[in-house]
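Novice: Got a structure for you, written out below as structure tokens; questions coming shortly.
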Amino acid sequence: MMATLKSKKSLNFLTHFLHHRSPGFNYSTTRTLEPLAFEEVRSSSEKPCTSTAFVLHGLLESGRYWHSFSRNLASSLSNSSSSSEWRMVLVDLRNHGISADIKGLDPPHDVFNAAKDLANLVKSHGWSWPDVVIGHSMGGKVALQFAQSCSRGDYGESAVWPKQLWALDSVPGDVKLETIDEVEKVLKTLQSLPSSFPSRKWLVNHMIDLGFCKPTAEWISNYLKKSGEQEIWSFNPEGAIQMFDSYWESSYWSLLEHPPKGMEINIVVAEKSGCWEPDVIQRLESLDSQKGSGSEGEVSLHVLPNSGHWLHVDNPKGLLQIVAPKIASLSALMHSYSSRDSS
3 MMATLKSKKS LNFLTHFLHH RSPGFNYSTT RTLEPLAFEE VRSSSEKPCT
53 STAFVLHGLL ESGRYWHSFS RNLASSLSNS SSSSEWRMVL VDLRNHGISA
103 DIKGLDPPHD VFNAAKDLAN LVKSHGWSWP DVVIGHSMGG KVALQFAQSC
153 SRGDYGESAV WPKQLWALDS VPGDVKLETI DEVEKVLKTL QSLPSSFPSR
203 KWLVNHMIDL GFCKPTAEWI SNYLKKSGEQ EIWSFNPEGA IQMFDSYWES
253 SYWSLLEHPP KGMEINIVVA EKSGCWEPDV IQRLESLDSQ KGSGSEGEVS
303 LHVLPNSGHW LHVDNPKGLL QIVAPKIASL SALMHSYSSR DSS
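What follows is the structure in structure tokens.
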């Protein structure tokens, strides 16, 4: 399955952002602000919700970047079963989106605390624990940390780990890229910039004056939001840098090698992504082949063709075709258990 996936060590990680840009969004929508900002997406407001999936974005983004895909996923799941109604909770992680303005999300700003924020979100609203957690890039590691902490009891005895976890183009171990310093250079530069700008065009020209190429400058300008007559960041630069460092340093191979019973961890590799080393792919293939004992959870490996790092933008239909059937089968299994218990 992975034979056609070639190593791209020399590929600059920054090109993921430059050539596979996510669209910009207006952040004027009012959403719940404590303890994290979030938005709910459902296929119908009339049916009672039976299952929940958390959707976690990547670095510098927000939950709204996943609105279209989540809406299509909820609709697909609703069409596949009349007995289930999924609620997609699109979360703004700490230092990102509307959550960047929330007070009380104290440092350290790392993957561990970003996952803990999810647990606090569940507890503060009295929700059931999510059945599925889907995370892209940095959000993928937050999802892995959330699952690991649930299984270890970090969130208390009431915590229930997700039945399915999706890490979308998110390398589960520490990542060593020769050109990662360039990404850090961009983020460090953001710290030195003013907190507000007269216009997006001004920021683009200023970044070019600092020595960055125009595509990089335009990419950075995608993460501005309007505030009165000024443009401001839609994320907290200092906190985002800390989360970026934690993301690359964190490793979850121990979780993948011994997932808790009843959990399926799905790793989706974008075919044209440059994040993946051959030894990492081989290790994941080995874990994928070890299914069937039943004493532990399972790891499944998927490859999304014709896609770079932004899977939901480059090939949303293909991603939906991978994710939706898996979650639909989970819905059927959960319904079967529910029917059996009620009888």
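Numbering (the numbering used here), first residue to last: 3 to 345.
Beta carbons: idealized from backbone N, C-alpha and C, even for Gly.
Just so it is clear, the structure is predicted and the values come from calculations on it, not from any experiment.
(1) Three-state secondary structure (DSSP) at K227?
(2) With DSSP run on the structure shown, which of helix, strand or coil describes S331?
(3) Determine the DSSP secondary structure at T218, reduced to helix, strand or coil.
(4) Any Cβ of chain B within less than 9 Å of the Cβ of W250?
(5) Going straight from the alpha carbon of S64 to that of S288, what length do you get?
(6) Output the residue ranges of the alpha helix (DSSP H) runs that lie fully inside the stretch 241-293 and measure 4 residues or longer, sorted by chain position.
(7) Do G141 and L75 have their beta-carbon atoms positioned less than 9 Å apart in this structure?
(8) Please classify N81 as buried or exposed, where buried requires at least 16 other C-beta atoms within 10 Å of its C-beta.
(9) Report yes if the C-beta distance between S197 and I234 is below 9 Å; otherwise report no.
(10) What separation, rounded to the nearest whole angstrom, lies between the Cα atoms of D133 and K228?
(11) What would DSSP say about T31, mapped onto helix, strand or coil?
(12) Report the three-state DSSP secondary structure of P25 (helix, strand or coil).
(13) Would you please state the rounded distance, in angstroms, between the beta carbons of T143 and S252? I believe it to be under 8 Å.
(14) Taking the straight line between their C-alpha atoms, what separation do you get for A219 and E48?
(15) Let's see if you can read the secondary structure: which residues bound the beta strand (DSSP E) around W235?
(16) Would you tell me roughly how many angstroms separate the C-alpha atoms of L170 and W204, rounded to the nearest one?
(17) Taking the alpha carbon of F56 as the point to measure from, which residue in S45, S46, L62, S72 has its own alpha carbon closest?
Specialist: Looking at the atomic coordinates:
(1) strand
(2) The answer is helix: DSSP assigns S331 an H, G or I state.
(3) helix
(4) In the structure shown, chain B does not exist; there is a single protein chain.
(5) 33 Å
(6) The alpha helix (DSSP H) runs lying completely inside the stretch 241-293 and spanning 4 residues or more are 255-259, 280-290, given in chain order.
(7) no
(8) exposed
(9) It is a contact, given that the beta carbons lie within the stated cut-off.
(10) 35 Å
(11) Legend: pLDDT at T31 = 36, less than 50; position of this residue unreliable, value from coordinates given subsequently. In this structure, T31 counts as coil in the three-state DSSP scheme.
(12) Low per-residue confidence applies at P25: pLDDT is 42, beneath 50, and the placement is therefore not dependable enough to give any value.
(13) What sits at residue 143 in the sequence shown is Lys, not Thr. The Cβ separation is near 5 Å, so the contact holds.
(14) 44 Å
(15) 232-235
(16) C-alpha separation (whole angstroms): 34 Å.
(17) S72
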